[in-house]
Amino acid sequence: MTNITSREIRLKQRPVGMPTPDDFDLTTVTLAEPGAGEVLVQNLYMSVDPYMRGRMADRKSYVPPFALGEALQGGAVGQVVRSNHPNFQSGDYVLSMLGWREYFVSDGRGLRVITPGGAPLQAFLGVAGMPGQTAYFGLLDIGQPKAGETVFVSAAAGAVGSVVCQIAKLKGCRVVGSAGAADKVAWLRDEIGIDAAFNYKENADLKATVAEHCPNGIDIYFENVGGAHLEAALAVMNNHGRIPVCGMISLYNATTATAAPTNLGNIIGKRLKLQGFIVTDYQARAGEFYAEMLPWIAAGKIKWQETIVEGIDQAPAAFMGLFTGDNLGKMLVKLA
Numbered sequence: 004m005t006n007i008t009s010r011e012i013r014l015k016q017r018p019v020g021m022p023t024p025d026d027f028d029l030t031t032v033t034l035a036e037p038g039a040g041e042v043l044v045q046n047l048y049m050s051v052d053p054y055m056r057g058r059m060a061d062r063k064s065y066v067p068p069f070a071l072g073e074a075l076q077g078g079a080v081g082q083v084v085r086s087n088h089p090n091f092q093s094g095d096y097v098l099s100m101l102g103w104r105e106y107f108v109s110d111g112r113g114l115r116v117i118t119p120g121g122a123p124l125q126a127f128l129g130v131a132g133m134p135g136q137t138a139y140f141g142l143l144d145i146g147q148p149k150a151g152e153t154v155f156v157s158a159a160a161g162a163v164g165s166v167v168c169q170i171a172k173l174k175g176c177r178v179v180g181s182a183g184a185a186d187k188v189a190w191l192r193d194e195i196g197i198d199a200a201f202n203y204k205e206n207a208d209l210k211a212t213v214a215e216h217c218p219n220g221i222d223i224y225f226e227n228v229g230g231a232h233l234e235a236a237l238a239v240m241n242n243h244g245r246i247p248v249c250g251m252i253s254l255y256n257a258t259t260a261t262a263a264p265t266n267l268g269n270i271i272g273k274r275l276k277l278q279g280f281i282v283t284d285y286q287a288r289a290g291e292f293y294a295e296m297l298p299w300i301a302a303g304k305i306k307w308q309e310t311i312v313e314g315i316d317q318a319p320a321a322f323m324g325l326f327t328g329d330n331l332g333k334m335l336v337k338l339a
C-alpha cells in the first residue's frame, strides 16, 4: 500500500479584525497507512461556522484556541477508506471534528458512524447536525415556546436561524425574522413560510422596524447577531420574555470594544430571561434531537438551504464569506 497525500488548511497567523487569506496556509502532508486499531478517512464535506472565529484568537474560552501552524478543526463528514479498527468498516460514513483536511488517520476516538436516510449526507453538518441541534435545544429548552407567542429570530436565513424559525412555526408561534439580503427575506417568507421578514440593511431604525413587525411584542428573541439587534429586541420584549443567546456575529471581528445596548435595564423591569448556551451542553441528549428532527425532515416539515463551495483551497474564502453574508443557509465545502 502507498502513503496518502492530503492537503490541509493551517492557521498561519491570528487574524486581527476580519480574517484575510494571509491568515491561512494550504499545506500538503503525507499520511502513513493506518496501523492496528486505526482507520483512514477521506473527508467528503466540511463545515465552516462563525464560532471558529473565536478559536482563532489566543484567549481563554469554552474551547482551546487553534494552534498556529497546525490544521484547523471543525465538523466534517467523511468515508472510511481503509480500516484496521473493529468498530468501523471500509465504506462507513463518519462524522468527526477533523475538517479542514482531505484525509486523516484516526484511532476512532471522536468518530461517529452515520447512516444517511431521509436527508443527504452533508445535512449531518447542517439541519441534521450541530446547527440543527443548536436551534432545537436553544429554542425548546431555553425559549420554551408556547402556541400563539411571537418569536423574533436574527440571522433568520442562516443555518441555525432558519431551523429555529421552522421549529417555532411547528410549535404554533408567530415568527418574525431578520436577514441581510432580499433573496434571503423572500426565502424566509415564501419557502419556509414565516409570518414576517425584513432586510435589516434597508432599515435605518431597527427598533422601529422590529416593533412594526411585532405589534404584540416579542416573547422569545433567538439571538444570533448582538449589537443593534439585541438593543432593538430588548425594546420590544414582553414581560417574562426569553432570550436564548446563541451567538453575536456582529462582534466577532471587532478590534475595539463595542458599546453595549443602552437599554439593558429592560432585563430587570421586564423580568427577562437571557441565557447563553453552547450546543455541546446537550451532547448527552442528542438522541432526543434525532428522534424528532429526522421524522420532521422525512415528512418535509423542515426545509433548508445550503451554500456549497468546492475544494479545500476554497475553505478560507467560504469561512470569510460567513461574515459578509455570502451564504444562504449552511455554508459547506465539498472536498470529494
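In the numbering used here, the protein residues as written are 4 to 339.
Backbone N, C-alpha and C define an ideal beta-carbon position, used for all residues, glycine too.
- For the 8 Å CB-CB criterion, Leu191 and Gly183 do not form a contact.
- Here Leu98 is bridged, per DSSP, to Val80 and Arg115.
- Contact between Glu234 and Pro264 holds, with the beta-carbon distance rounding to 4 Å and staying under 8 Å.
- The continuous beta strand (DSSP E) containing Pro247 extends over residues Met240 to Val248.
- Residue pairing by DSSP puts Ser86 in a beta bridge opposite Val42.
- Here Asn202 is bridged, per DSSP, to Ala182.
- The alpha carbon of Ile197 has as its nearest neighbour, out of Ala185, Cys168 and Tyr203, the alpha carbon of Cys168.
- Counting the other Cβ atoms within 10 Å of the Cβ of Arg112 gives fewer than 16, which makes it exposed.
- As summarised for the segment 305-339, the continuous alpha helix (DSSP H) elements at least 4 residues long and confined to that stretch are 318-324, given in chain order.
- Of the residues Pro24, Leu98, Pro67 and Pro22, the one whose Cα lies closest to the Cα of Leu47 is Leu98.
- Restricting attention to Val156, Val248, Ala294 and Met296, the CA atom closest to the CA of Val188 is found in Val156.
- Glu194 counts as exposed, since fewer than 16 other beta carbons sit within 10 angstroms of its beta carbon.
- Within the same chain, Cβ atoms closer than 7 Å to the Cβ of Thr8 are found at Thr31 and Thr33, the five residues on either side in sequence being excluded.
- Taking the C-beta atoms as reference points, Val42 is found nearer than 8 Å to Val83.
- Sequence-distant partners of Gly314 (beyond 5 residues in either direction) whose C-beta falls short of 8 Å from its own C-beta, in its chain, are Val336, Lys337 and Leu338.
- Contact annotation: Trp103 and Gly129 have beta-carbon atoms that are not nearer than 8 Å.
- Taking a C-beta distance under 8 Å as the contact criterion, Ile221 and Asn241 qualify as a contact pair.
- Glu152: not part of any beta strand (DSSP E); DSSP gives it neither H nor E.
- Under the DSSP definition of a beta bridge, Lys276 partners with Arg245.
- By the CB criterion at 8 Å, Ile12 and Pro218 fall outside the cutoff.
- Secondary structure at Asp52: coil, using DSSP grouped into helix, strand and coil.
- At a Cβ-Cβ threshold of 8 Å, Ile246 and Phe326 do not count as neighbours.
- For Leu29, the uninterrupted beta strand (DSSP E) segment begins and ends at Phe27 to Leu34.
- In this chain, Glu11 is not harboured by any alpha helix (DSSP H); it is covered by the beta strand (DSSP E) spanning Ile7 to Leu14.
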